[in-house]
Each structure stands twice: as structure tokens, then as C-alpha cells.
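Visitor: Got a structure for you, written out below as C-alpha cells; questions coming shortly.
Protein chains in written order, with the working numbering: chain A, 95 to 269; chain B, 95 to 269; chain C, 95 to 269; chain D, 95 to 269.
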């Protein structure tokens with residue numbers, strides 16, 4: 095039987111595989127989340143950060159955005175886009191902002207409190223973002239670096255909301 | 095014991111009460127959701143629409159936005175804002191777009207597929223939106239009408255995602 | 095001499111040519127703008143609408159977004175994207191919202207007052223949007239229809255701002 | 095003769111005055127812009143940064159947003175908002191993100207390339223943002239600090255676009 099739509103499972107698997115194929119492990123993203131959120135959540139573990147990243151990646155909008163951005167990176171790497179889009183993405187042109195637009199659509203799903211976290215790690219080129227920005231490798235990661243930062247910041251917002259809920263359920267832990 | 099933050103329960107209750115105090119029942123919003131989504135989901139019930147609206151209202155970002163927009167409406171109604179902001183909101187000035195900005199922040203939480211639904215019912219002044227736009231009553235609903243439309247469109251996006259999940263679990267219902 | 099960046103003129107020309115190559119004339123977009131704005135601006139002419147569309151198309155962010163969206167449509171039409179992204183765009187899947195995300199980034203440049211106009215014409219499938227949505231042609235316009243609607247709504251917002259400025263300079267035209 | 099709308103001049107003046115009344119000079123914002131953009135534009139002057147900030151402040155959407163955010167800060171300072179909104183803004187609650195939503199609506203007008211700049215200076219509490227975040231003064235600047243950061247980042251995006259245009263007109267200045 096043919097579905098009139100693409101099965102959600104296929105979309106989710108493809109998104110996670112696309113990340114891996116581009117050299118990104120969930121732990122790489124979770125480390126960014128840990129960097130952002132550990133100052134605010136005592137005893138935060140890497141395991142919780144990985145869990146939060148996984149939850150973000152379960153959202154359909156995140157999967158769609160990842161698949162689209164990574165496809166554009168790969169096609170650019172293979173030189174298969176038309177001019178001048180090929181050059182704009184290849185050079186990661188400072189006036190080309192579609193990568194940031196896609197990143198923001200991921201952040202928005204977890205509300206606005208993650209905006210500043212995203213900007214902060216993007217500028218610092220923290221963790222895996224430094225490797226993704228290495229222009230000497232021939233790899234094109236114009237979209238991927240922004241998307242990875244956005245997923246990390248979204249996972250961070252998610253933890254902030256959850257931590258509050260936890261505090262409210264155990265009021266004796268509050269000073 | 096004093097919390098270092100506002101309890102989430104207080105925020106949620108206040109948001110729902112603010113809607114009621116401004117004459118909006120959950121059913122009013124759910125009717126907009128039904129209008130938007132019933133062409134796409136066979137056998138959709140009002141009960142499911144009410145449930146979806148309730149889920150949207152459980153999101154902290156939605157509550158914050160509602161409380162802020164309704165407060166600005168009420169303060170304007172009482173004439174307590176400074177000039178010229180008082181006049182901008184009172185006249186629901188066509189070049190004043192902060193109400194749409196707040197509405198969009200609600201939509202974003204459920205992804206981008208609700209954007210067009212929001213614009214559509216806002217223009218049509220469907221259902222309760224007609225009453226909210228009646229300028230002869232002395233009431234100021236400059237923010238509320240946009241927020242109600244956004245909650246209805248968000249609840250509609252949420253149903254679209256859920257309906258797909260349901261279809262995928264019962265493949266025999268597909269032709 | 096080689097520029098370290100893509101000349102802006104090349105980007106602008108490519109964006110306008112991409113529209114034409116996909117069968118969209120500036121007049122098609124201007125007609126949507128006229129439909130949206132003529133109820134509010136007495137004596138609005140098609141010429142003014144074409145002028146406003148041209149101004150919107152002069153913005154770099156709009157050009158970048160157009161080039162990216164149209165490229166994805168064309169690659170999909172040629173069957174050159176990876177699965178499942180190929181299927182998502184080809185079927186113009188209702189849960190795929192990256193096209194709306196790109197459309198919104200165009201609208202945002204002219205502020206929030208155009209959001210509802212965009213949603214409205216998108217739902218009505220007004221003018222050229224009906225043709226772009228015809229799924230029987232083998233053409234893929236999953237991105238283009240949203241981008242055309244967004245450019246028309248942006249041009250409409252721009253006219254609203256300009257008309258106000260004009261009214262304020264000729265106060266005797268006001269009743 | 096009474097206008098059916100608020101004169102644009104009044105809105106612009108009120109926005110600039112509101113900034114001054116809250117202790118913010120254009121130079122304070124321009125210094126943030128200089129901090130962000132001077133690494134990329136050789137010979138950038140403070141005068142050019144002040145000019146760019148002034149241009150951003152001439153946009154109607156920016157004025158509307160500033161007036162709304164500052165009004166909410168002032169009303170909170172006077173204790174005139176309802177509970178729990180009063181407490182949410184007074185404590186500058188980490189889960190309250192309406193201030194970031196307003197900031198983003200300013201950034202959007204200059205496209206997406208300013209997102210990361212905004213996040214970066216907001217996190218660093220660079221320049222005047224440190225003073226605005228001083229919670230010991232009794233002043234409430236929950237909205238103002240985000241809006242100032244957004245205006246500075248928007249002015250920075252604007253300079254980036256202008257600098258490119260300048261380079262393209264004087265190709266002999268390029269190595």
C-alpha cells in the first residue's frame with residue numbers, strides 16, 4: 095500500500111543519518127547544550143543534555159529544516175547549484191542569511207528564550223562549531239553550523255523549562 | 095517559603111482567567127480551529143478542538159504573551175498609557191504591528207504551517223473575531239483579536255500533526 | 095580582478111531572471127498587491143504596485159531567499175534531491191513548512207503588518223497563485239507560490255507606509 | 095483639523111525621548127555597534143555608527159516596539175501591572191521571553207544576519223548593557239536592555255550592507 099505522504103519514521107531517520115553522515119554526533123551537540131546550560135542547572139549531566147537533543151530532533155519541523163539545510167550544503171560541495179547561489183553558499187557569504195533564517199525556525203519552536211544562546215555560541219565558535227567553520231577542508235557547512243547551534247540552543251531552552259518544573263515540584267530544594 | 099520565581103500554576107491560571115475576563119470562552123477559540131481544520135480532518139469534533147486549544151494554552155510562552163497583550167488592551171481601555179502609545183493602540187493603528195508580532199510568537203511554537211491559517215481567519219474576521227473587532231463598544235481588543243486568532247491557528251497546526259500520526263498508526267484507514 | 099564576494103548586481107539579476115524563467119512576471123505579483131491594497135488606497139494604480147514589487151526585489155535578503163527557494167523547486171522537478179526531501183517537496187507535504195519559513199523572512203523585512211495579507215492570499219489562491227498551485231502540470235512550485243505571495247504582501251506593506259507618509263504631507267486631502 | 099491617525103513625527107519624537115528618559119544616549123547604542131562591526135569594516139568611525147543607529151530609529155516598526163517595551167518597563171517600575179505579569183517583568187524571569195520577541199522584530203527588519211550579533215552582545219552584557227542589567231538600582235529595564243541590543247545589532251547589519259555597496263563601487267580598494 096502506498097501512503098499519500100512520506101512516513102514520519104523515514105523523515106526522522108533520514109534527519110539523524112544526515113547529521114551523522116556530515117560528521118556530527120549527538121554528543122557534539124549535547125556538549126554545546128551543556129556549555130550553555132550547566133551554569134544555571136546544578137548537577138546537569140551530559141546524559142540529560144543528550145536526551146534533550148534527542149527530543150528536539152524528534153520534532154518534525156526540526157527534521158524538515160535539517161534535511162533541507164544539509165542537502166544544500168552537500169549540493170554546494172558537489173558544485174551542483176546554479177550560479178550565483180553556488181558561490182553564495184560556497185563562500186558562506188556574510189550577506190547570505192538563509193542559513194540563519196532556517197536556524198531561527200528551529201529555535202522558535204522552543205520559544206524566544208534561546209535566541210541569545212544561539213547567537214552566543216555561534217559567535218564564540220564553541221566546541222564542534224569550530225570544526226564546522228574550518229574553511230580549509232573543502233567541506234561546505236554553511237547551513238550545518240547554524241543548524242547545530244540552533245538545535246543545541248533549543249535543547250538548552252527545553253532543559254530550562256524542565257528544570258523549573260522540577261524545582262516547583264520539590265519546593266524543599268529551594269533555599 | 096517564598097519562591098525566587100512566579101509559580102507556573104499562577105501564570106497558567108492568570109492567562110486563562112484573563113481570556114474569560116475579556117469575554118472569550120475556550121469554545122470561541124475552538125470554533126475557529128474547527129472552521130480551519132474540519133475540511134482536512136474527517137469526523138473532527140468540537141471536543142477535540144477544545145482539547146487542542148487547552149494544550150496550546152498550557153505552553154508557558156503562550157501564557158506570557160497572552161498576559162502581556164491583554165494587559166496592554168486593558169490599560170489602553172482605562173486610558174493609562176502614555177501618549178502616543180495610548181492613541182496607537184486605542185485606534186488599532188494600521189501601522190502599529192506589535193500585536194501581530196506577539197501573535198506570531200505563539201504560532202512559531204507550532205512551526206510554520208499555521209502562518210497562513212492565522213492570516214486567513216484574521217482577514218475574514220471569522221466567528222468571535224468579528225465581535226472583538228467591533229469598534230463601537232468602547233472595548234479595546236487590539237491585541238486580543240490577534241492573539242485569539244493565533245491560538246486558534248496554533249491549535250489547528252497541532253491537530254494536523256496529530257492527525258498524521260493517527261493515520262500512520264492505522265494504515266488500513268487510508269485508501 | 096576577482097572579487098572576494100559575489101557582485102550584488104549578479105545576485106539581483108539572477109533573482110529577477112529566476113522568477114521569469116519560472117513563468118512569473120512582475121505584473122503577476124503586482125496584481126496580487128493591487129488586490130490587497132486597493133481597498134485602502136484610493137486611486138492606487140497598477141504602475142505603483144509594479145514599482146513597489148520592484149523595490150522589494152531590490153533587497154538582498156529577498157533575492158537570496160528567492161534564489162534558494164526556486165533552486166529547490168527546480169532540483170525537485172528534475173528529481174535530483176535525496177529521499178525523503180525529494181518526496182516532501184514534490185508532494186508539497188502539508189507538514190513541510192520550510193517554504194513558509196522562507197516566505198516569512200521576506201515579510202519580516204517590511205515589518206509585521208503584512209503577515210495577515212500573506213496568509214489571506216495564500217489561502218484564497220488569488221491570481222497567479224492558482225496557476226502555481228496546479229499540481230497537474232508536472233511543475234514543482236512548492237517554494238515559489240509562497241515566495242510570490244510574500245513578495246506581494248511585502249510590496250503591499252511598503253505601499254501602506256508610503257501612503258501614510260503622503261497623507262501626512264498633504265493634510266488638506268484628509269476629510 | 096484632526097488626523098484620523100497619530101502623526102508619524104510624534105511617534106518618532108516620542109521613541110527617541112523615551113530612550114533618553116531611560117538614560118540611553120544614541121552614543122551608548124552606537125558604541126555597541128562599533129564593538130560589533132569594527133573588526134569587519136576598516137576605518138569605521140563612531141560617527142558612522144551613530145548615523146546608522148539614527149537610521150534604524152527612523153523606522154516606524156522600531157519606534158512602535160520601543161514605545162511598547164519601555165512603557166511596560168516603566169509601568170512595572172511603578173508597580174502598576176496586574177499580578178503575575180508585574181512579578182514576571184520585575185524579576186526579569188528567565189522563562190519570560192516577550193522581551194526577546196520584541197527585540198527580534200527589530201532585528202528582522204534588517205534581515206537575518208544580525209541574529210548572532212544580538213545574542214552575542216546580550217550574553218556579554220557589553221557596554222551600556224551592563225548598566226541596564228544592574229538589578230540593584232530599583233530600575234526595571236527588562237525590555238530596554240534587549241531592545242538596545244537589537245537596535246545596535248540592526249545598525250550593525252545595516253553598516254555591513256552599506257560597506258559592501260561601497261566596496262563594489264570602488265573596486266580598486268579591494269586587494
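Note that beta-carbon positions come from the ideal geometry of N, C-alpha and C, so glycine has one too.
1. Excluding the 5 residues preceding and the 5 following residue 97(A) in the sequence, name in chain order all residues of the same chain whose CB lies nearer than 7 angstroms to its CB.
2. Counting only runs of 4+ residues fully inside the region 139-200 of chain B, write out the alpha helix (DSSP H) ranges in chain order.
3. Under 8 angstroms by Cβ, that's how I've got residue 182(A) and residue 158(C) pegged, so tell me the actual separation to the nearest angstrom.
4. Between the Cα of residue 248(D) and the Cα atoms of 111(D), 113(D) and 130(D), which residue gives the shortest distance?
5. Round the Cβ separation of residue 238(D) and residue 164(D) to the nearest angstrom and send it over; I've been treating them as touching at under 8 angstroms.
6. Among 191(A), 193(A) and 166(A), which has the Cα closest to the Cα of residue 180(A)?
7. Relative to chain C, which residues along the region 191-211 of chain D have a C-beta separation below 7 angstroms, given in chain order?
8. Nearest CA to the CA of residue 170(C): which residue from 111(C), 149(C), 232(C) and 154(C)?
9. Please list, in chain order, all residues of the same chain as residue 100(D) whose beta carbon is under 8 angstroms from its beta carbon, the five residues on each side excluded.
10. For residue 103(B), is the classification buried or exposed, using 16 other Cβ atoms within 10 angstroms of its Cβ as the cut-off for buried?
11. Just checking, does the region 205-212 of chain D make contact with the region 131-149 of chain B on the three C-beta pairs under 8 angstroms criterion?
12. Can you list the residues of chain D that residue 254(A) reaches, using a CB-CB cut of under 8 angstroms?
13. Mapping the DSSP letters down to three states, classify residue 217(D) as helix, strand or coil.
14. Pairs of beta-carbons, one from the region 241-257 of chain A and one from the region 211-228 of chain A, closer than 8 angstroms: are there three or more?
15. Residues of chain D with CB closer than 8 angstroms to the CB of residue 217(A), please, in chain order.
16. Rounding to the nearest angstrom, what Cα-Cα distance links residue 176(A) and residue 109(C) in this structure?
17. For a quick check, are the C-beta atoms of residue 78(A) and residue 151(A) less than 8 angstroms apart?
18. Using a Cβ cut-off of 8 angstroms (strictly closer), state whether residue 95(D) contacts chain A.
19. Can you pull the chain A residues whose beta carbon is under 7 angstroms from the beta carbon of residue 258(D), in chain order?
20. Suppose the cutoff is 7 angstroms on Cβ atoms and the five residues either side in sequence are ignored; what does the same chain contact list for residue 153(D) look like?
21. What is the rounded straight-line gap between the Cα of residue 199(A) and the Cα of residue 227(B)?
22. Which bits of chain A does residue 101(B) rub up against, with CB to CB less than 7 angstroms?
23. I need the DSSP call for residue 227(B), collapsed to helix, strand or coil.
24. If you run the structure through DSSP and keep just helix, strand and coil, what is residue 109(C)?
25. Counting only beta-carbon separations shorter than 8 angstroms, does residue 52(B) have a partner in chain D?
26. Using the beta-carbon of each residue, which ones in chain C are nearer than 7 angstroms to residue 152(A)?
27. What are the start and end residues of the alpha helix (DSSP H) that includes residue 128(B)?
28. Quick one: does residue 267(D) have its CB under 8 angstroms from some CB of chain C?
29. With a threshold of 8 angstroms between beta carbons, is residue 142(B) in contact with chain A?
30. Using the beta-carbon count (16 or more within 10 Å), is residue 125(A) buried or exposed?
31. Decide if residue 112(B) is buried, meaning its Cβ has at least 16 other Cβ atoms within 10 Å, or exposed.
32. Under 8 angstroms between C-beta atoms, does residue 238(A) make it to chain C?
33. If you measure beta-carbon to beta-carbon, which residues of the region 147-173 of chain D are closer than 7 angstroms to chain C?
34. With a Cβ-Cβ cutoff of 8 angstroms, do residue 246(A) and residue 123(A) count as a contact?
35. How would you label residue 173(D), buried or exposed, when you count the other beta carbons within 10 angstroms and need 16 or more for buried?
Guide: Looking at the coordinates:
1. There are no such residues.
2. Listed in chain order, the complete alpha helix (DSSP H) runs (minimum 4 residues) inside the region 139-200 of chain B are 140-151, 154-171 and 179-184.
3. The pair is a contact, with the Cβ atoms about 7 angstroms apart (cut-off 8 angstroms).
4. The residue with the shortest Cα to Cα distance from residue 248(D) is 130(D).
5. For a cut-off of 8 angstroms, the C-beta gap from residue 238(D) to residue 164(D) is around 6 angstroms, short enough to register as a contact.
6. Put simply, of 191(A), 193(A) and 166(A) the residue whose alpha carbon is nearest the alpha carbon of residue 180(A) is 166(A).
7. The residues in question are 199, 202, 203, 205 and 206.
8. That would be 232(C), whose Cα lies nearest to the Cα of residue 170(C).
9. Excluding positions up to five away in sequence, the list is empty.
10. The Cβ neighbour count for residue 103(B), taken over all protein chains shown within 10 Å, is under 16; the residue is labelled exposed.
11. The region 205-212 of chain D, when compared against the region 131-149 of chain B, does not touch it at the 8 angstroms Cβ threshold.
12. 188 and 189, listed in chain order.
13. In the three-state scheme derived from DSSP, where H, G and I count as helix and E and B as strand, residue 217(D) is classed as helix.
14. In the pairwise beta carbon analysis, the region 241-257 of chain A is classified as touching the region 211-228 of chain A: at least three pairs are separated by under 8 angstroms.
15. At a beta-carbon threshold of 8 angstroms, the residues of chain D lying near residue 217(A) are 210, 211, 213 and 214, ordered along the chain.
16. Roughly 11 angstroms separates the two Cα atoms.
17. Look at the range of chain A in this structure, 95 to 269, and you will see that residue 78(A) is not part of it.
18. Residue placement at residue 95(D) is poorly supported in this model, since its pLDDT is 45, which falls under 50; the coordinates are not used for a value here.
19. Residues of chain A with a Cβ closer than 7 angstroms to the Cβ of residue 258(D) are, in chain order, 189.
20. So the qualifying residues of the chain are 203.
21. Cα to Cα, residue 199(A) sits roughly 30 angstroms from residue 227(B).
22. In chain order: 262.
23. Correct three-state label for residue 227(B): coil.
24. In the three-state scheme derived from DSSP, where H, G and I count as helix and E and B as strand, residue 109(C) is classed as helix.
25. Past the boundaries of the shown model lies residue 52(B); chain B is included only from 95 to 269, so the question cannot be answered.
26. Those do not exist, as residue 152(A) stays about 14 angstroms from chain C at its closest Cβ, beyond 7 angstroms.
27. Note, residue 128(B): alpha helix (DSSP H), 120-131.
28. Caution is warranted here: a pLDDT of 47 is assigned to residue 267(D), below 50, making its placement in the model unreliable, and the coordinate value is therefore given only provisionally. For residue 267(D), no Cβ of chain C is located within less than 8 angstroms of the residue's own Cβ.
29. False, the Cβ-Cβ gap to chain A never drops below 8 angstroms.
30. So residue 125(A) counts as buried.
31. Around the beta carbon of residue 112(B), a 10 Å sphere encloses 16 or more other beta carbons of the protein chains shown; the residue is thus reported as buried.
32. No, residue 238(A) does not count as interfacial toward chain C.
33. Cβ contacts with chain C come from 154 and 155.
34. Contact: yes.
35. Using a 10 angstroms sphere on the CB of residue 173(D), the tally of other CB atoms stays under 16, which defines it as exposed.
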